[in-house]
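Undergrad: Residues in the sequence shown are numbered from -5 upward in steps of one, following our numbering. Below is the structure I would like to discuss, written out as structure tokens.
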Amino acid sequence: MRAVIQRVSKASVTVEGKVVSKIDEGLLVLLGIEDSDGKEDIEWLSRKIVNLRIFNDLRGVMNRSLLDINGTALVVSQFTLHASTKKGNRPSYIKAAKPDVSIPLYEKFVQQLEMDLNKKVGTGIFGADMKVELLNDGPVTIIMDTKNRE
């Protein structure tokens, strides 16, 4: 799994002109899934996300986690995170899992994140043409890949 995690003041997902999910202070997680991803990837990534100390403490030092601030999360599936741009100018998405694999893993990831965060997590609509709007706070953007554990 590959994730782009952005600390946000607010974020929302709109589909066909309707806001389907929105959050205030917290994390927007863009999630890319590949065929080899599984339970271990889900658990590791979720645990890392909720415990990442990227929110400011009273001294302005990034020392607090999503759990510490009682923040919220919004998870959006994004197969383009697995784009390969090695050859030519048109990206290849061969590494991105097809919907029959990625939908169940996406849903399990959201469930795990809700369990680890102990609250409901916002989501986009899998496969829909989504408009994602965010106000990146910082800016703070972290990229994580479960295959590299970074």
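Cβ atoms here follow ideal geometry from the backbone N, Cα and C, with glycine treated the same way.
Grab me the residues of L128's own chain with a C-beta within less than 8 Å of its C-beta, minus the 5 sequence neighbours each way, in chain order.
TA: Q0, V2, K4, A5, S6 and L22
Undergrad: Considering only residues of the same chain and omitting the five flanking positions on each side of S17, which have a CB-CB separation below 6 Å?
TA: Reading off the sequence, residue 17 comes out as Ile, not Ser. Once the five neighbours on either side are set aside, the close Cβ partners of I17 are A5, T66, L68 and G116.
Undergrad: For V44, report the span of its alpha helix (DSSP H) as first-last.
TA: K33 to N45
Undergrad: Taking the alpha-carbon of K92 as reference, which of G26, N64 and D35 has the nearest alpha-carbon?
TA: G26
Undergrad: From what residue to what residue does the beta strand (DSSP E) around K12 run?
TA: K12 to I17
Undergrad: Using CA coordinates, which residue listed in I63, N64 and R47 is at the minimum distance from N57?
TA: R47
Undergrad: From this set, A77, E101 and P98, which residue's C-alpha is nearest A90's C-alpha?
TA: A77
Undergrad: Check for me: the alpha helix (DSSP H) holding P98 runs from which residue to which?
TA: P93 to L111
Undergrad: Excluding the 5 residues preceding and the 5 following S86 in the sequence, name in chain order all residues of the same chain whose CB lies nearer than 6 Å to its CB.
TA: Same-chain partners within the cutoff: S78.
Undergrad: Could you please give me the residues that DSSP links to T79 through a beta bridge?
TA: T79 is not bridged to any residue.
Undergrad: Determine the direct distance from the alpha carbon of S30 to that of E101, and round the result to whole angstroms.
TA: 16 Å
Undergrad: Return helix, strand or coil for I88, following the three-state DSSP convention.
TA: Coil, per DSSP.
Undergrad: Would you mind reading off the limits of the alpha helix (DSSP H) that contains I63?
TA: L60 to I63
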